[in-house]
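Below is one structure, written out as structure tokens; the observations come after it.
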Ligand code: NAP
């Protein structure tokens, strides 16, 4: 029998679409994407906050096999990235392979038949030989556990669920959080609001952003002389690889980066008291380093106050800090991040013998061979799984590495109906030992962030340059897996 395996991909963001494109490019078409929303795009559909953009330049933050010569600027805005995803998907007729409005709630491996039974919120069941969750790490907003949070009578929303019906003009706005999202929407809303109070628990490490608008000349050059486009992509990729090495293999390289960040702060924040507040007190690189030319100048405006006293409670009319001061506000914006360490939640996944994936990962946290495959969970391959997030670089490059690997698995399983592969426990253990050894000396150990879970394990980040991940995942080796045959097929 020469049957292609049937494949279910969960999620139509960069990971799921990229996986589908990789399969299609290699002649594999027996796949369906289940997408809970009504549109594709993942985080680029969801995050529409003012100023939403990507802090990785588009020549790199795009599929290598679908270059775009006419990005409006180097660091693209959300609408342009979402538009790019739609254009590429439509060009390859992917929307007809996507079932929209279908939310996966549970997936169970039926070992007698060697097949995944995937249940969805509408009560349906889908079957597949291979299951590829591609649900991202940053799709579930995290709200802070603050006393009185529900008592606030004004408008309040999370940055990833921006309420565009709320007009911020002339309002007093509280912004909680100083991450990659906040650094983009604070400068965008500051000129509009009456007063902005930034509640800062940790100051961000901020680097200058080497942004530029691309002119018609750029577009023509990139189109007619693709080598110029490739040269820019290569330069950007190399820059981020150097930063990744500074975070992992060559810490000495952090010194010039810190010097650039310090100089940027000094130049942009003339007021010494404000500058002191905005100076991080934790190791550079521990939380995600940010790029912005607008954040510090916005915080220096007269209608902005940076509050560093901890929040004690949310009240019906504002926020009370630990010093007893009431900060009356009309709107609260929670830029408080995502439940990044809860991989695949809220789906329930059951593998061999009915074993539940979350039980397998308790109490330590998520782990997977090559970030993709978990022993006893056969023919399940995750995109953007544990330890595949980048401290520096383009996640799309990482996702392409995963898609290539999983496509090789699908090719291997072609014509082997009813066969299933589970990562060998020894292979997964030695992979994890290697990861933990590398993670031990990274700056991610020295503060709290969404890269680490409650047990202290760094579950999200890849400890190295992205090219190292590409190398590690370059070819699928069946000897890393136990291969079994279902009784009934
Ligand atoms: P984040 O980086 O997790 O930042 C959350 C912020 O909320 C932190 O400053 C955190 O403070 C603060 N916070 C959380 N709970 C709090 C509380 N109870 N009281 C006070 N402050 C609280 O979230 P994010 O900014 O949404 O970014 C998440 C990730 O999304 C980024 O790291 C990045 O990977 C991705 N992202 C990417 C882009 C892009 O341009 N590519 C843009 C946006 C987001 P502490 O630091 O003290 O915990």
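Numbering (this note's numbering), first residue to last: 47 to 535.
From the three backbone atoms N, C-alpha and C, an ideal C-beta is built for every residue, glycine too.
For residue i, which residues of its own chain have a beta-carbon under 6 Å away from its beta-carbon, when the five flanking residues on both sides are left out?
i	result
residue 440	102, 106, 107
residue 104	117, 122
residue 95	205, 208, 231
residue 193	359
residue 451	519, 522
residue 423	397
residue 296	none
State the Cα-Cα distance for the pair residue i and residue j, rounded to the nearest angstrom.
i	j	result
residue 224	residue 246	6 Å
residue 327	residue 353	16 Å
residue 201	residue 356	21 Å
residue 149	residue 84	11 Å
residue 282	residue 268	15 Å
residue 428	residue 413	11 Å
residue 63	residue 396	25 Å
residue 216	residue 313	29 Å
residue 425	residue 49	16 Å
residue 298	residue 519	28 Å
residue 301	residue 473	36 Å
residue 527	residue 421	9 Å
residue 433	residue 531	30 Å
residue 176	residue 244	46 Å
residue 444	residue 61	10 Å
residue 66	residue 166	20 Å
residue 503	residue 411	7 Å
Give me, in chain order, the residues of the same chain whose beta-carbon lies closer than 7 Å to that of residue i; leave out the 5 immediate sequence neighbours on both sides.
i	result
residue 130	108, 114
residue 47	With a pLDDT of only 40 at residue 47, under the threshold of 50, the placement of this residue in the model should not be trusted; the figure read from the coordinates follows. Same-chain partners within the cutoff: 461, 463.
residue 533	158
residue 124	90, 93, 94, 98, 99
residue 517	none
residue 293	331, 437, 438, 488, 489
residue 469	415, 419, 420, 421, 526, 527
residue 458	522, 524
residue 369	355
Can you tell me where the alpha helix (DSSP H) holding residue i begins and where it ends?
i	result
residue 512	512-518
residue 130	124-137
residue 480	471-485
residue 342	341-345
residue 455	441-459
Could you tell me the boundaries of the beta strand (DSSP E) in which residue i lies?
i	result
residue 394	394-396
residue 375	Per DSSP, residue 375 belongs to no beta strand (DSSP E) and is neither H nor E.
residue 404	First-last for residue 404: 403-406, but that is the alpha helix (DSSP H), not the beta strand (DSSP E).
residue 531	527-531
residue 308	Element bounds for residue 308: not the beta strand (DSSP E) but the alpha helix (DSSP H), 300-314.
residue 321	Here residue 321 belongs to no beta strand (DSSP E); instead the alpha helix (DSSP H) covers 318-323.
residue 156	150-156
residue 367	364-367
residue 179	176-179
residue 166	161-166
residue 426	It is not in any beta strand (DSSP E) - residue 426 carries neither H nor E in the DSSP assignment.
How would you label residue i, buried or exposed, when you count the other beta carbons within 10 angstroms and need 16 or more for buried?
i	result
residue 382	buried
residue 161	buried
residue 604	Shown here, the chain extends from 47 to 535; a query on residue 604 therefore has no answer.
residue 447	buried
residue 303	buried
residue 335	buried
residue 318	exposed
residue 88	buried
residue 286	buried
residue 510	buried
residue 255	buried
residue 402	exposed
residue 56	buried
residue 68	buried
residue 486	exposed
residue 523	exposed
residue 180	buried
residue 376	buried
residue 371	exposed
residue 387	buried
Residues in its own chain within less than 8 Å of residue i by CB, not counting five upstream and five downstream?
i	result
residue 199	362, 363
residue 315	321, 324, 342, 345, 346
residue 290	436, 437, 438, 439, 510, 511, 512
residue 141	86, 135
residue 493	248, 328, 329, 332, 333
residue 484	294, 509, 510
residue 311	252, 321, 324, 325, 342
residue 384	183, 184, 185, 186, 187, 188, 206, 496
Length at least 3, wholly inside the stretch 195-278: the beta strand (DSSP E) runs in chain order: 201-204, 218-222, 241-245
So within the stretch 59-110, which uninterrupted beta strand (DSSP E) runs reach at least 3 residues, ignoring any that extend past its ends? 77-81
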